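Visitor:
Residue numbers (my numbering): 78 to 290.
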């Protein structure tokens, strides 16, 4: 059960929903555009912990206890046939992140557009993210559910989740980028900085050489 002091949350079982590629690529473009994307991978649990820390900075004396009970991550999966190395790396990342049982990683296969000469594209991740976000808000298992994305296609899910009584809905993302908003009510948003980005980077080497060490 969560308690309020004004607009602050003193205690909460916290669930996170992370639109992974959106959060990864926006951070990469914003903070480290000159390095390889693989060098700026985000560890989902570290990212969630950065949000909790940022909330603590904002609410200061009101915050007493948060329990991150689940972090759901939604991401596109490269084809084993067309990109076997990236496929293997993605599965290794899932295995690593899921060592903490609070982290759940769900994939949908990327859609390849080789005939058009375009890079592979995520298909259905926004729908999967939206469904899980609303489900978590309705489940009664969380006092606070935080959506991490800059994708405005998830705005309807945010509105639907916010209709649930007994759960607080918030958003989080990178400072300087757009945040999701509702016309009906104001939601608290955690702005993450370059320091949070650096603290959230997954330091493990998922290259073939790194995995052999």
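Here a beta-carbon is modelled for each residue, glycine too, at the ideal position from N, C-alpha and C.
All figures in this text were calculated on a predicted structure; none of them were measured in a lab.
1. By the DSSP assignment, the beta strand (DSSP E) with residue 96 in it spans what residues?
2. State yes or no: is the C-beta of residue 259 within less than 8 Å of the C-beta of residue 236?
3. Check whether the Cβ atoms of residue 224 and residue 248 sit closer than 8 Å, and answer yes or no.
4. In three-state terms, what does DSSP make of residue 183?
5. Can you tell me which of the three DSSP states residue 218 falls into?
6. Rounded to the nearest angstrom, how far is the Cβ of residue 95 from that of residue 124, given a contact under 8 Å?
7. Quick check on residue 202: buried or exposed, where buried means 16 or more other Cβ atoms within 10 Å of its Cβ?
8. Check whether the segment 275–285 touches the segment 157–173, taking contact to mean three or more Cβ pairs, one atom from each stretch, closer than 8 Å.
9. Check whether the segment 150–167 touches the segment 102–114, taking contact to mean three or more Cβ pairs, one atom from each stretch, closer than 8 Å.
10. Please classify residue 316: is it buried, with 16 or more other beta-carbons within 10 angstroms of its beta-carbon, or exposed?
11. On the three-state DSSP scale, how would you describe residue 271?
12. Below 8 Å on the Cβ atoms is my guess for residue 228 versus residue 99; work out the distance and round it to an integer in Å.
Guide: Reading it off the structure:
1. 88–96
2. yes
3. yes
4. strand
5. coil
6. 7 Å
7. buried
8. yes
9. no
10. Since the displayed the chain opens at 78 and closes at 290, residue 316 lies outside it and no answer follows.
11. helix
12. 5 Å
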